Every structure is written in C-alpha cells, then in structure tokens.
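Enquirer:
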Amino acid sequence: MRPHTRTHRGPRARRGITLVEILIAVTVLVVGVGGLLSTSGAVARQMTGGVTQTVAAGIAQARLDSLTSLSCASLDAGAKTGSTTLRGVKESWSVTDGRNIKTIDVKVIVPRRTQQLRYQMVIPCRD
Numbered sequence: 002m003r004p005h006t007r008t009h010r011g012p013r014a015r016r017g018i019t020l021v022e023i024l025i026a027v028t029v030l031v032v033g034v035g036g037l038l039s040t041s042g043a044v045a046r047q048m049t050g051g052v053t054q055t056v057a058a059g060i061a062q063a064r065l066d067s068l069t070s071l072s073c074a075s076l077d078a079g080a081k082t083g084s085t086t087l088r089g090v091k092e093s094w095s096v097t098d099g100r101n102i103k104t105i106d107v108k109v110i111v112p113r114r115t116q117q118l119r120y121q122m123v124i125p126c127r128d
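Take any residue in the sequence shown, note its place counting from 1, add 1, and you have its number in the numbering used here.
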C-alpha cells in the first residue's frame, strides 16, 4: 500500500462573485446615490433662493433708480413713503432726511421667504 500524501494544489480558481460581495457593492451604490440625491435637492433650493434674491434686487434697483432721478425738493414734497405689490412681491420704501443727504430705504418681501430683503442708498442733495 502506498502511503497517503497530501498534495497541495494551491488556491482554487474562483468563478463568479459571492453573495456577500454583491450585498456590499449594492450597499455602497445605494449610499452613493442617496448622497447625490440629497445634494441635488440642496442645490435646487439654493438656486431657487438665488432667483428670488435676483428678482428682489431688480425690484429694489428699479425703485432706487426712480427715486434718485427726482430732485431732493421733489422727494420732500411727496415721495417720502410708499408701497406696492406686484406678482405677490411686496415692496415698501421710505426716504429720510439727513444733513444735505437723503437716505432711501427699500424693503422687499418675497413669497415663501421668511425674512424681508432690505436695500439702502444715500444720495447727496445739491439743490
């Protein structure tokens, strides 16, 4: 009888992937996709906020331009305060006197925004 000897054949060649490897890969993929989705939601909210602030700044700039085109005497006469609402955006302005200056304060309230946006400009009076 021959003595029994063990022969070492080396590592067995693998065919395919195991169930554990598939589960780990799917878990990593789900976490990555979830992170991308939450980030895209945050970016969309920030873009909406940027558009809102651009609209508010445009409205305020138009009001500041119209008031600065008036003389200081005209501002004293009747354009001291006012407010308007256009497409749901509320705007109010006030003009205060200073020493040879006028301070124009414009406040804009945009729907779905908790805080009002405030813009100020100081103009010198030379008349």
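Even glycine gets a Cβ: it sits at the ideal position worked out from N, Cα and C. No experiment lies behind these values; they were computed from the predicted model shown.
(1) Does the structure place the region 54 to 63 close enough to the region 111 to 125 that three or more beta carbon pairs sit under 8 Å?
(2) The alpha helix (DSSP H) with Gly-36 in it runs from where to where?
(3) Taking the alpha-carbon of Thr-85 as reference, which of Ile-124, Val-27, Lys-108 and Arg-46 has the nearest alpha-carbon?
(4) I need the boundaries of the beta strand (DSSP E) containing Lys-108, first residue and last residue.
(5) So, with DSSP's three-state summary, where would you put Ser-192?
(6) Under the assumption that Val-96 contacts Ile-105 (Cβ atoms under 8 Å), give the Cβ distance between them as a whole number of angstroms.
(7) Under 6 Å Cβ to Cβ from Lys-138, same chain only, skipping five residues before and after it: list those, please.
(8) Just how far apart, CA to CA, sit Val-27 and Met-48?
(9) Quick check on the DSSP output: the beta strand (DSSP E) that includes Gly-89 runs from which residue to which?
(10) To the nearest angstrom, how far is it from the Cα of Ser-93 to the Cα of Leu-24?
(11) Can you name the residues that DSSP bridges to Gly-83?
Expert: The short version:
(1) Taking 8 Å as the limit for Cβ pairs, the verdict is that the region 54 to 63 does touch the region 111 to 125.
(2) Its alpha helix (DSSP H) spans residues 20 to 69.
(3) Nearest C-alpha to Thr-85 among Ile-124, Val-27, Lys-108 and Arg-46: Lys-108.
(4) Its beta strand (DSSP E) spans residues 102 to 110.
(5) Look at the range of the chain in this structure, 2 to 128, and you will see that residue 192 is not part of it.
(6) That pair is a contact at about 5 Å.
(7) This structure does not reach residue 138, given that the chain is present from 2 up to 128, and the question cannot be answered.
(8) Approximately 31 Å between the Cα atoms of the pair.
(9) From DSSP, Gly-89 is part of no beta strand (DSSP E); its letter is neither H nor E.
(10) One alpha carbon belongs to Ser-93, the other to Leu-24, and they sit about 59 Å apart.
(11) Trp-94.
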